[in-house]
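Residue numbers (our numbering): 625 to 781.
Worksheet: one structure, shown below.
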């Protein structure tokens, strides 16, 4: 199993999103399907195997599944399938020095891929271009909201 860049990963289908959550839990938290089912409160892990194979998990269990896995790929796929863009909730805290540099490098990468795409009359990889543009938009939207909430930051409990 190859290691994915989970920070920028965008699932392409519901089944892919369910599988990615399972892979993430295995790679990052060393959780098997049995442990995920146990954390979800399921008595039988075979039902989780069935849902992963068919891509048909009950909606009321999606949040528990994502919480047990430690990621939200199913939610990201549902938003993307509806034509929506998800942005993590900003906390109103000052960014780390590398965050601003990441925005700049992400913008440069997105613009370079976009320029290459249009220069080649659509012959360049559209998936990579879309991924770079989506990632850049999410980063900028996060910092837009972070600046707006900077005046009244959330309390850390």
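Positions of the beta carbon are idealized from the N, C-alpha and C atoms, including for glycine.
DSSP-derived helix/strand/coil call for residue i
{"i": "residue 722", "result": "helix"}
{"i": "residue 776", "result": "coil"}
{"i": "residue 655", "result": "coil"}
{"i": "residue 758", "result": "helix"}
{"i": "residue 631", "result": "coil"}
{"i": "residue 643", "result": "helix"}
{"i": "residue 739", "result": "helix"}
{"i": "residue 748", "result": "coil"}
{"i": "residue 636", "result": "coil"}
Buried/exposed call for residue i, threshold 16 Cβ in 10 Å
{"i": "residue 646", "result": "buried"}
{"i": "residue 655", "result": "buried"}
{"i": "residue 686", "result": "buried"}
{"i": "residue 642", "result": "buried"}
{"i": "residue 635", "result": "buried"}
{"i": "residue 700", "result": "buried"}
{"i": "residue 690", "result": "buried"}
{"i": "residue 746", "result": "exposed"}
{"i": "residue 679", "result": "exposed"}
{"i": "residue 648", "result": "buried"}
C-beta neighbour in chain D for residue i, strict 8 angstroms
{"i": "residue 674", "result": "No chain D appears in the structure shown, which is made up of a single protein chain."}
message: Check whether the stretch 728-746 and the stretch 666-674 are in contact - that is, three or more C-beta pairs closer than 8 angstroms.
response: Contact fails: fewer than three Cβ-Cβ distances are below 8 angstroms.
field: Uninterrupted alpha helix (DSSP H) stretches inside the stretch 657-732 (no shorter than 4 residues)
entry: List check, alpha helix (DSSP H) in window: 657-664, 669-678, 686-693, 697-705.
query: Using 8 angstroms as the threshold, is the stretch 716-730 in touch with the stretch 647-664, meaning 3 or more CB pairs across them?
result: Too few Cβ pairs lie closer than 8 angstroms, so no.
- prompt: Can we say the stretch 762-773 touches the stretch 701-721, given the rule of at least three CB pairs closer than 8 angstroms?
  reply: Contact between the stretch 762-773 and the stretch 701-721 is present, because at least three Cβ pairs lie under 8 angstroms.
- prompt: Any contact of the stretch 696-706 with the stretch 738-753, i.e. 3+ C-beta pairs under 8 angstroms?
  reply: No contact exists between the stretch 696-706 and the stretch 738-753.
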